[in-house]
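Below is one structure; the comments refer to it alone.
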Amino acid sequence: SVDCSSPTVVSDRQADCVNRYFYGAQVSFSAKGLFGFFDVFKLILALGSISTYTALPIWIVYFIATHLLGPVSKMYKRVTERQLRIDDELVTLAVKAIGTSVAFETLAQQKGVIPRDVMLRELLRAFAEMPDFGIK
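Encoded structure:
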């Protein structure tokens, strides 16, 4: 048996002597709270996630438009993806290179016109240093 006239532990629910008679209202105290701080790294991660989530709907709409709409998808695909033809690009590059150079004026025998044989000779000379093209 415990002597309750002089208890040894009183600050705890498991104290030596506890008086459990309550009359009316009971007041209880508890320690609660939240401690935190601002984390720049978490902010950067959140911004990265937000940018990913905002780009995702655009890719979903793009995929649906270019793959899941049947014949209309073919039209959308042609608009969004350019077909590259190397032959056309090479001709365009060669014509632009000759047309924009100062040599154009010196090659032109008439005002603004380069004869076909002069054009061929200059193209062969220009591409002679590039053996991959196979122009002879």
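One point on numbering: in the numbering used here, the residue at position 85 of the sequence shown is 225, and numbering is uninterrupted. In this text, a Cβ means the ideal position worked out from N, Cα and C, and glycines have one as well. Small disclaimer: the values here were computed from a predicted structure and weren't measured.
Sub-9 Å separation of residue 205 and residue 216 beta-carbons: When the beta-carbon positions are compared, residue 205 and residue 216 come within less than 9 Å of each other.
Under 9 Å, do residue 263 and residue 238 count as touching if we go by C-beta distance? The criterion of a C-beta distance shorter than 9 Å is satisfied by residue 263 and residue 238.
Tell me which residues share the same chain as residue 207 and place their Cβ nearer than 6 Å to its Cβ, disregarding the 5 neighbours each side in the sequence. Non-local C-beta neighbours of residue 207 in its own chain, meaning closer than 6 Å and more than five positions away in sequence, comprise 213, ordered along the chain.
With DSSP run on the structure shown, which of helix, strand or coil describes residue 219? It is helical.
Could you say which of 255, 219 and 267 lies nearest to residue 230 if we only look at CA atoms? Ranking 255, 219 and 267 by CA distance to the CA of residue 230 puts 267 first.
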